[in-house]
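Please read the structure below before turning to the comments.
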Amino acid sequence: MAKGLLSASCELTVSSNGLGSSVEQMHARASDPAHTWLAKVHIPRRELRRALPDQGALYLYTYRDVRDALASAWRKNRFLFGSEDRGPTIAAKFVREEIEIGAVFEDRRHCWIGRYETIVNDIPSLVNDLESFLDLSVSTALKQELVEEAAPDKQRQRSQLVSTGDQLVRLETFITTNHITDGRFGAWKETLSVEEAIASEHAARDWLRQKKYPLCFRKAMYTDPPQE
Numbered sequence: 022m023a024k025g026l027l028s029a030s031c032e033l034t035v036s037s038n039g040l041g042s043s044v045e046q047m048h049a050r051a052s053d054p055a056h057t058w059l060a061k062v063h064i065p066r067r068e069l070r071r072a073l074p075d076q077g078a079l080y081l082y083t084y085r086d087v088r089d090a091l092a093s094a095w096r097k098n099r100f101l102f103g104s105e106d107r108g109p110t111i112a113a114k115f116v117r118e119e120i121e122i123g124a125v126f127e128d129r130r131h132c133w134i135g136r137y138e139t140i141v142n143d144i145p146s147l148v149n150d151l152e153s154f155l156d157l158s159v160s161t162a163l164k165q166e167l168v169e170e171a172a173p174d175k176q177r178q179r180s181q182l183v184s185t186g187d188q189l190v191r192l193e194t195f196i197t198t199n200h201i202t203d204g205r206f207g208a209w210k211e212t213l214s215v216e217e218a219i220a221s222e223h224a225a226r227d228w229l230r231q232k233k234y235p236l237c238f239r240k241a242m243y244t245d246p247p248q249e
């Protein structure tokens with residue numbers, strides 16, 4: 022969405038290496054008035070995370086229920102029940118890191134913050150919000166085109182085109198081939214074991230309450246604090 026808006030308004034360079042290969046490169050891009058860079062990142066390296074620039078940079082940060090984010094990642098990687106790559110301890114570690122990364126972006130001076138469960142159901146408002154935050158002025162026709170292209174059916178069609186034979190794609194849900202594997206709110210309940218769900222909620226309890234996501238377990242059901 023941001024790419025569509027920016028491409029119509031300026032000469033845009035889409036980064037092929039995220040925020041940059043070094044702190045110096047990241048800051049050089051932010052301070053270069055001759056270029057507009059766009060980078061998409063999920064988990065920035067810690068050295069970059071600690072040095073995110075405010076001057077010359079705008080951030081778009083979206084979050085969803087971290088339990089759904091965890092389940093989506095495990096579905097993507099096909100971590101089945103019993104896999105050594107999953108379990109309560111790993112679940113707790115994952116959600117803690119997601120929350121830590123989110124706090125870094127939310128603390129930026131110029132950061133637009135979107136809640137996935139809200140924006141996915143109101144794409145027109147998303148387009149208008151981004152246009153305003155990025156200080157752009159684009160045609161009504163372009164905004165309508167972007168809204169139509171973001172519709173779930175359109176996303177499913179693109180998934181089919183780029184992933185023929187890819188078993189990671191489930192066409193009945195909101196899917197892209199390399200990101201959200203199930204866009205339904207609460208889909209974690211079909212993926213996490215009870216123990217994994219309890220551990221992830223325990224680790225994220227304060228964050229979930231702050232973001233107004235429902236808690237599903239009583240405190241008495243929590244075991245010892247998840248290990249760091």
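Position one of the sequence shown corresponds to residue 22 (my numbering), numbered consecutively onward. Backbone N, C-alpha and C define an ideal beta-carbon position, used for all residues, glycine too.
Quick one: using the 10 Å Cβ neighbour count with 16 as the cut-off for buried, is residue i buried or exposed?
i      : result
Ala124 : exposed
Ala224 : buried
Thr139 : exposed
Ser37  : exposed
Phe115 : buried
Glu127 : exposed
Pro65  : buried
Leu229 : buried
Gln231 : exposed
Ser146 : exposed
Val148 : buried
Val141 : buried
Ser221 : buried
Gly103 : exposed
Leu236 : exposed
Glu216 : exposed
Thr161 : exposed
Glu249 : Legend: pLDDT at Glu249 = 49, less than 50; position of this residue unreliable, value from coordinates given subsequently. Glu249 comes out exposed.
Ala172 : exposed
Arg253 : Lying before the first or after the last residue shown, residue 253 is absent from the chain, which here runs from 22 to 249.
Glu121 : exposed
Glu152 : buried
Tyr234 : buried
Residues in its own chain within less than 7 Å of residue i by CB, not counting five upstream and five downstream?
i      : result
Asp53  : none
Glu68  : Val44
Ile134 : Tyr82 and Glu127
Arg130 : Asp75
Lys240 : none
Cys31  : Thr57
Arg117 : Ala224
DSSP puts residue i in a beta bridge; with which residues?
i     : result
Glu80 : Inspection of the sequence shows that residue 80 is occupied by Tyr rather than by Glu. According to DSSP, which records beta bridges pairwise, Tyr80 is partnered with Cys132.
Leu59 : Val35
Could you check where the alpha helix (DSSP H) with residue i kicks off and where it finishes?
i      : result
Val116 : Pro109 to Glu127
Lys24  : Ala23 to Ser28
Leu229 : Val215 to Gln231
Tyr234 : First-last for Tyr234: undefined, no H or E at that position.
Lys97  : Val87 to Lys97
Ile144 : Ile144 to Phe154
Lys210 : Where Lys210 is concerned, there is no enclosing alpha helix (DSSP H), given that its DSSP letter is neither H nor E.
Ala162 : Thr161 to Glu170
Arg66  : Here Arg66 belongs to no alpha helix (DSSP H), and DSSP marks it neither H nor E.
Glu138 : Tyr137 to Ile140
What does a CB cutoff of less than 6 Å around residue i pick up in its chain, not counting 5 residues either side in sequence?
i      : result
Asp106 : Phe100
Trp209 : Arg88, Asp89 and Ala92
Tyr80  : Phe126, Arg129 and Cys132
Leu163 : Ala29
For residue i, which residues of its own chain have a beta-carbon under 8 Å away from its beta-carbon, when the five flanking residues on both sides are left out?
i     : result
Pro74 : Met47, His48, Ala51 and Ser52
Lys24 : Leu33, Val35 and Leu59
Leu27 : Leu33, Thr57, Leu59, Leu155 and Leu157
**Prompt:** Which runs of the beta strand (DSSP E) fall wholly inside the region 32 to 56 and span at least 3 residues, in chain order?
**Reply:** Listed in chain order, the complete beta strand (DSSP E) runs (minimum 3 residues) inside the region 32 to 56 are 33 to 35.
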